[in-house]
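S.K.: Let me begin by handing over the structure; questions about it come next.
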Amino acid sequence: MFKKNIIQFPKLLSVGNISNGFVAWLFGSAGPLLIVLQAAAKGHLSGSITSSWIFAIYGMGGLLTLIVSLYYGQPIGYAFSIPGAILVGSSLTHYSFNQVVGAYIITGILIFLLGLSGLVTKLMKVLPMPVMMGMVSGVLLPFGTEMIGSVVKNPLLNGIPLLVFLVLSFFLRFSKKFPPILGAIIAAILCLKFLPNVSVQSLHITMGIPHFIIPSFSFSVVGELVIPLLLTVIAIQNAQGIAMLETHGYRPPISAMTNWSGIGTIINAFFGGHPACVAGPMTGLLINKESGKLEHRYVAAIVLGVLSCLLALFSPIASQIPHVIPASLIQLLGGVAMISVLVDSLKMSFSGPFKSGALFSFIITISGISILHIGAAFWGLVGGTLATVFLDKQDFYRSESSDQNNETNLSETFCKDKIS
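Sequential numbering from 1 applies to the sequence shown in full-length UniProt numbering.
Spelled out as structure tokens, the structure:
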């Protein structure tokens, strides 16, 4: 499969999968990068150490995306834990960077062992899919609200690309050959170039140099960071990606995805990078139907992987991207690209059984609460699962037959997509 996917890759490149891979990369290299830079600033890290951190998380994310997507033929996007970066930023205010790196290594080992044991796969089978998709919908909803907010902030810069997207989407035959998201990207570039009062800075190109970080182990740091980081990777980030893949007809290799997250986390640590994980929203962008047939959508992930690796090689440039492209424009493009994914996730959340659990999972996630330094997405899963016990009791009796029907539907979806 690996060799076959490599050989087929050049032939399967299309405007659609290149566009989706680019938008996924753009999303991952802008907003999330700011969180990493803020965390580094809290720890008063030097420019060279910060550059090494960026080198690690984008380089490893790119390599894992290439390896896993090519091997399994699925659009699996790897990056880094965004909630993890927030946790690390708070820890760096009172612990040394070397101590934090020690916690990364222990986290990576535990993730790897959990994947090896198969416990994660069993857990994903136990959780009701609508509850998981309720959490995913809650995570993706801000893409839609921020998209609208970006147009209000700058009606011309962000409104024109949105209008182009809508117009192109209206003409169904044309949009199948020319993805509307590509039209939005081209319109955005033209707006940046020609609209008045839009200032775009030039990039200063320099190569990134990774630095080897010697870990230091402290019981207090391990106690503060390891469990929260572990949960953000397995129960938040990876869970989102797995749920999206399953609802689109794929059978994601859950244990292998977890194992690679653990391996990537361990390697990242020695260069200052925090845990590697499956990037839920980015995987959602890759799965977009404009990437082609189901068995060909891994090509969009390859585009993402290559761009991420290039960004790692030029990691000092990464800190400049949020200043080169306005944040509101990135929010607009991310929201536009995520529209169909959000529609599908909401449909999966509320069109079947476990509606009450899905609703609780959804509203807890969008609440943005944080308890014990663990983000809302995890508590959405917990709260949604508990809600199903009390409010969706009748659905558990039908769960076995529902699971069989879901497997049949997923198989039919996959087959139909291959035929088309």
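Ideal placement from N, C-alpha and C gives every residue a C-beta, glycine not left out.
Report the residue from I7, K11 and N17 whose alpha carbon sits nearest the alpha carbon of A300.
M.R.: What you label residue 300 is simply residue 300 of the sequence shown in a count that begins at 1. Comparing Cα-Cα distances from A300 to each of I7, K11 and N17, the minimum goes to N17.
S.K.: Around the Cβ of V15, are there at least 16 other Cβ atoms within 10 angstroms (buried) or fewer (exposed)?
M.R.: In the sequence shown, the residue the question calls residue 15 occupies position 15. It is exposed - the Cβ of V15 has fewer than 16 other Cβ atoms within 10 Å.
S.K.: Enumerate in chain order the residues of its own chain whose CB-to-CB distance from residue 422 is below 8 Å, with the five nearest sequence positions on each side excluded.
M.R.: As displayed, the chain neither begins before 1 nor continues past 420, which places residue 422 out of reach and without an answer.
S.K.: Hey, out of I105, M124, I363 and L381, whose CA is closest to E246's CA?
M.R.: Working through the sequence shown from its first residue, we reach residue 246 at position 246. Checked all of I105, M124, I363 and L381; the closest Cα to E246 is M124.
S.K.: Could you give the C-beta distance for S340 and N288, rounded to a whole number, given that I count them as a contact under 8 Å?
M.R.: Looking up residue 340 in the sequence shown gives position 340. Looking up residue 288 in the sequence shown gives position 288. With 8 Å as the limit, S340 and N288 qualify as a contact, their Cβ atoms being about 6 Å apart.
S.K.: To the nearest angstrom, how far is it from the Cα of G335 to the Cα of A188?
M.R.: If you number the sequence shown from 1, residue 335 lands on position 335. If you number the sequence shown from 1, residue 188 lands on position 188. Each residue's Cα considered, the two are about 14 Å apart.
S.K.: Given this structure, state the Cα-to-Cα distance separating L37 from P316, to the nearest angstrom.
M.R.: As a first step, residue 37 must be located in the sequence shown, where it is residue number 37. As a first step, residue 316 must be located in the sequence shown, where it is residue number 316. Roughly 11 Å separates the two Cα atoms.
S.K.: Could you tell me the alpha carbon to alpha carbon distance between F112 and F178, rounded to whole angstroms?
M.R.: Here residue 112 refers to the residue found at position 112 of the sequence shown. Here residue 178 refers to the residue found at position 178 of the sequence shown. The alpha-carbon atoms of F112 and F178 are separated by roughly 42 Å.
S.K.: Using a Cβ-Cβ cut-off of 8 Å (strictly less than) and excluding sequence neighbours within five positions of V222, which residues of its own chain qualify?
M.R.: To locate residue 222, count along the sequence shown from 1; it is residue 222. Excluding sequence neighbours, V222 sits near G102, A103 and I106.
S.K.: Please report the straight-line C-alpha distance between S420 and Y58, rounded to a whole angstrom.
M.R.: On the sequence shown, position 420 is the one that residue 420 refers to. On the sequence shown, position 58 is the one that residue 58 refers to. At S420, the pLDDT of 43 sits below 50, so the modelled position is not reliable; the number obtained from the coordinates is stated separately. If you take the alpha carbons of S420 and Y58, they lie about 35 Å apart.
S.K.: Look at K122 and G89 and say whether their C-beta atoms are less than 8 Å apart.
M.R.: For the purposes of this step, residue 122 is taken as the residue at position 122 of the sequence shown. For the purposes of this step, residue 89 is taken as the residue at position 89 of the sequence shown. In this structure, G89 does not lie closer than 8 Å to K122 by Cβ.
S.K.: How would you label V126, buried or exposed, when you count the other beta carbons within 10 angstroms and need 16 or more for buried?
M.R.: What you label residue 126 is simply residue 126 of the sequence shown in a count that begins at 1. Answer is exposed; the Cβ neighbour count stays below 16.
S.K.: Using a Cβ-Cβ cutoff of less than 6 Å, which residues in the same chain neighbour D417 once the five nearest sequence positions on both sides are dropped?
M.R.: Here residue 417 corresponds to residue number 417 of the sequence shown, with the count starting at 1. The predicted model places D417 with a pLDDT of 46, which falls under 50 and marks its position as unreliable; any figure quoted below should be read in that light. Only K293 and L294 meet the Cβ criterion.
S.K.: When we look at the beta-carbon of G118 and count the other beta-carbons within 10 Å, is it buried (16 or more) or exposed?
M.R.: What you label residue 118 is simply residue 118 of the sequence shown in a count that begins at 1. Its Cβ having fewer than 16 others within 10 Å, G118 is exposed.
S.K.: Indicate the three-state DSSP secondary structure (helix, strand or coil) for A198 in the structure shown.
M.R.: One-based indexing of the sequence shown puts residue 198 at position 198. The question names Ala, but residue 198 is Val in the sequence shown. Here V198 sits in coil by DSSP.
S.K.: Between the Cα of V198 and the Cα atoms of Y95, I325 and Q99, which residue gives the shortest distance?
M.R.: Here the question's residue 198 lines up with position 198 in the sequence shown. Cα-wise, what sits closest to V198 is I325.
S.K.: Let me know the secondary structure DSSP gives A56 once reduced to three states.
M.R.: Along the sequence shown, one-based indexing puts residue 56 at 56. In the structure shown, A56 sits in a helix (DSSP, three-state: H, G or I).
S.K.: Check the C-beta distance from L162 over to S19 and give it rounded, since I have them as a contact under 8 Å.
M.R.: Here residue 162 is taken as the residue at index 162 of the sequence shown, counted from 1. Here residue 19 is taken as the residue at index 19 of the sequence shown, counted from 1. About 16 Å; that fails the 8 Å criterion.
S.K.: Taking the straight line between their C-alpha atoms, what separation do you get for F219 and S81?
M.R.: As a first step, residue 219 must be located in the sequence shown, where it is residue number 219. As a first step, residue 81 must be located in the sequence shown, where it is residue number 81. The alpha-carbon atoms of F219 and S81 are separated by roughly 22 Å.
S.K.: I'd like the list of long-range same chain contacts for E407, defined as Cβ closer than 8 Å, with 5 residues on each side in sequence excluded.
M.R.: Taking the first residue of the sequence shown as position 1, residue 407 is located at position 407. Confidence in E407 is poor, its pLDDT being 48 and thus under 50, which makes the residue's placement too unreliable to answer from.
S.K.: Under a three-way DSSP split, which group does G95 fall into?
M.R.: Here residue 95 is taken as the residue at index 95 of the sequence shown, counted from 1. The amino acid at residue 95 is misidentified as Gly; the sequence shows Tyr. Y95: coil per DSSP, three-state reduction.
S.K.: Exposed or buried, S291, counting other C-beta atoms within 10 Å across all chains shown (16 or more means buried)?
M.R.: Against the sequence shown, residue 291 aligns to sequence position 291. With 16 or more Cβ atoms within 10 Å of its Cβ, S291 is classed as buried.
S.K.: Do P228 and I366 count as a contact pair if the criterion is CB distance below 8 Å?
M.R.: As a first step, residue 366 is located in the sequence shown; it is residue number 366 there, counting from the start. As a first step, residue 228 is located in the sequence shown; it is residue number 228 there, counting from the start. Against a cut-off of 8 Å, the Cβ pair of P228 and I366 comes out as no contact.
S.K.: Can you list, in chain order, the stretches of the alpha helix (DSSP H) that have 4 or more residues and sit fully within the segment 68–95?
M.R.: The qualifying runs are 82–91.
S.K.: Identify whether N17 lies in helix, strand or coil by the three-state DSSP scheme.
M.R.: Residue numbering aside, residue 17 sits at position 17 when the sequence shown is read from its first letter. N17 falls in the helix class under three-state DSSP.
S.K.: Name the two residues that bound the continuous beta strand (DSSP E) containing V278.
M.R.: For the purposes of this step, residue 278 is taken as residue 278 along the sequence shown, with counting starting at 1. Here the beta strand (DSSP E) through V278 covers A276 to V278.
S.K.: Which residue wins for smallest C-alpha separation from R251, given the options L230, M338, I76 and T385?
M.R.: Here residue 251 refers to the residue found at position 251 of the sequence shown. Minimum Cα distance to R251 is reached at I76.
S.K.: Please classify residue 432 as buried or exposed, where buried requires at least 16 neighbouring CB atoms within 10 angstroms.
M.R.: Lying before the first or after the last residue shown, residue 432 is absent from the chain, which here runs from 1 to 420.
S.K.: So does the segment 155–173 actually touch the segment 382–391, counting three or more Cβ pairs closer than 8 Å?
M.R.: No, they do not touch.
S.K.: Using 10 angstroms around the beta-carbon of H94, count the other beta-carbons present and answer buried if the total reaches 16, otherwise exposed.
M.R.: Counting from one through the sequence shown, the residue named residue 94 turns up at place 94. Exposed: under 16 other Cβ atoms inside 10 Å.
S.K.: Can the beta-carbon of N158 be found closer than 8 Å to that of L286?
M.R.: Taking the sequence shown and counting its residues from 1, the one referred to as residue 158 is at position 158. Taking the sequence shown and counting its residues from 1, the one referred to as residue 286 is at position 286. No. Outside cutoff.
S.K.: Identify every run of the alpha helix (DSSP H) within the segment 318–357, keeping only runs that are complete inside it and at least 4 residues long; order them along the chain.
M.R.: You should have 321–324 and 327–350.
S.K.: L329 to F396, Cα distance in whole Å?
M.R.: Numbered from its first residue, the sequence shown carries residue 329 at position 329. Numbered from its first residue, the sequence shown carries residue 396 at position 396. Roughly 44 Å separates the two Cα atoms.
S.K.: Thinking S308 and V131 are a contact (beta carbons under 8 Å), I'd like their distance in whole angstroms, please.
M.R.: The residue labelled residue 308 in the question sits at position 308 within the sequence shown. The residue labelled residue 131 in the question sits at position 131 within the sequence shown. Going by Cβ atoms, the distance from S308 to V131 rounds to 31 Å, so no, they are not a contact pair.
S.K.: In chain order, what are the residue ranges of uninterrupted alpha helix (DSSP H) at least 4 long that sit wholly in the segment 115–203?
M.R.: For the segment 115–203, whole alpha helix (DSSP H) runs of length 4 or above, ordered along the chain, are 119–126, 129–153, 155–170, 172–177 and 180–194.
S.K.: With H, G and I counted as helix, E and B as strand and the rest as coil, what does DSSP make of I364?
M.R.: As a working mapping, residue 364 is identified with position 364 in the sequence shown. Residue state, collapsed to three classes: helix.
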